[in-house]
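With the working numbering applied, the sequence shown covers 486 to 825. The beta-carbon is built from N, C-alpha and C at its ideal position, and this holds for glycine as well. Before any comments, here is the structure.
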Amino acid sequence: LTPVDRIKRAAKFWSSALPVVASYYGQYSALTIRQRILGETLTDDEVRRAWDEQHDRGSEIFAQTVTSLKGFYVKTAQIIASRQDLFPRQYTEALSGFTDNLDPMPAALARAVVEKELLNRDEKFEDVFSEFDEVPLGAASVAQVHRAVLTERYGGPKEVAVKIQRPSIESKLMGDIANLKALAKPFRDGETLPLDYYTVFAELEAQLADEFDFVAEAVAMDRIYDAVTRDPVTGKKIEPPLVLPRPVRGLVSRRVLVMDYLPGVPLSRAREEMAKRGVDPDSPEAKLFGRKLLRALTDVFGRCILQTGFFHADPHPGNIFVLDDGRVGLIDFGQVKQIS
């Protein structure tokens, strides 16, 4: 984004956000005046209804702003929607419909990023990929993923997934999170919200910064793969309960990551896919698979957290895959954590 574009984007955000901030201050002041100055005795139900109405109005405006601006605001909306323990119900419900399938960048631009990041001077795109699907498998805030097939020069024919970062996305998204932090900062010491959202957004800022380096993501993929494929007692190789993609050596850069392709659907669309195939989601077979999924996730995350302290930190339903062969896969290692 140019400086002018960043200013316009920030101005659009604040033109929506400031009235919401002002309305929360107004609601807090009104309740304070009624109880402390006018001497009214408000019941807990009356106070809760007042705040419910305030959250209804605020969540509606925030949802409209996310729809208009997209970018990191979509990722923020997804996080808010998944954390009923941190955010008011009105916000989690209003933002629950947002998906990470954003407007993809054109295929020509995606190819151009790959050529700039991966190709040697004497190479053409076709020297690396014999096939490259122009329609991405998914398009998220930071990157989009295309299915491709490697040439023999790079170990093919082999199906791979190519994760391509959007050009100039880092400054755009970091600007978005800065706006959210500035929005939350005035409420840090107040009583209008249940917790310090400034700290929440500051943590999201730190996590987001890690997602722009695909070399670090490839290293994280290998570390977690090694942890779950080796017996902690004997040191021998074992079969992991989850399928984890591996990066392709020589085809990883800060903005492009080529890795194993996992054919399947994300868990978030599993019920829909079962309906298409005529499978009852409440059938004994589906419940049996649910138990298998729970065991596999518990095994992998338990081993990572308790043995190495290094684990995948973003296991939402979009990153857990139900593979075509019935196995379970885990993707997107952009967010990881190390317990010290």
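Item, Value
"CA-CA distance, R740 and D698?", "7 Å"
"What is the DSSP secondary structure of I723, reduced to helix, strand or coil?", "coil"
"Go to L782, then tell me how far its alpha helix (DSSP H) extends in each direction, as first and last residue.", "769–788"
"Can you check which of these residues, L727, A667, K643, is closest to I816 by C-alpha distance?", "L727"
"Curious, which full-length beta strand (DSSP E) runs of at least 3 residues does the stretch 620–681 contain?", "628–635, 643–650"
"Going by DSSP, name the residue or residues bridged to V813.", "V807"
"How about L736 and I709: do their beta carbons lie closer than 8 Å?", "no"
"For A624, count neighbouring C-beta atoms within 10 Å of its own C-beta (all shown protein chains included) and say buried if the count is 16 or more, exposed if not.", "buried"
"In the DSSP output, which residue or residues are listed as bridge partners for M744?", "A646, P732"
"Buried or exposed for F610, going by 16 or more other Cβ atoms inside 10 Å?", "exposed"
"If you draw a straight line from the C-alpha of V750 to the C-alpha of F806, how long is it?", "5 Å"
"For F751, write down the residues that DSSP places opposite it in a beta bridge.", "First, the amino acid is wrong: residue 751 is Pro here, not Phe. F806."
"Which value, in whole angstroms, describes the spacing of the CA atoms of I723 and S656?", "42 Å"
"Out of V647, G556, H801, state which residue places its alpha-carbon closest to the alpha-carbon of V630.", "V647"
"Mind checking L747: buried by the 16 CB within 10 Å criterion, or exposed?", "buried"
"Are at least three pairs of beta-carbons, each pair with one atom in the stretch 545–564 and one in the stretch 487–504, less than 8 Å apart?", "yes"
"Between the Cα of R568 and those of A691, L668, H801, spot the shortest distance and give me the residue it belongs to.", "H801"
"Smallest Cα separation from D711: which of K493, G543, R788, D607?", "R788"
"Can you find at least 3 beta carbon pairs, one from the stretch 657–673 and one from the stretch 681–689, that sit closer than 8 Å?", "yes"
"Taking T636 and V613 to be in contact with their CB atoms under 8 Å, please state how far apart those CB atoms are, rounded to whole angstroms.", "6 Å"
"Check this for me: beta carbons of V733 and V645, under 8 Å apart or not?", "yes"
"For A495 versus G660, is the C-beta distance shorter than 8 Å?", "yes"
"Can you give me the Cβ contacts of A566 inside the same chain, cut-off strictly under 6 Å, excluding the 5 residues immediately before and after it?", "T577, L580, S581"
"Can you list, in chain order, the residues of its chain whose CB lies under 7 Å from that of A628, leaving out five sequence neighbours each side?", "K648, I649, Q650, R651"
"Taking the straight line between their C-alpha atoms, what separation do you get for S768 and F774?", "10 Å"
"Considering only the alpha carbon of each residue, which of D537, S514, L742 lies closest to V700?", "L742"
"For my contact list, P717 and Q792 are in at a C-beta cut-off of 8 Å; report their separation, rounded to the angstrom.", "5 Å"
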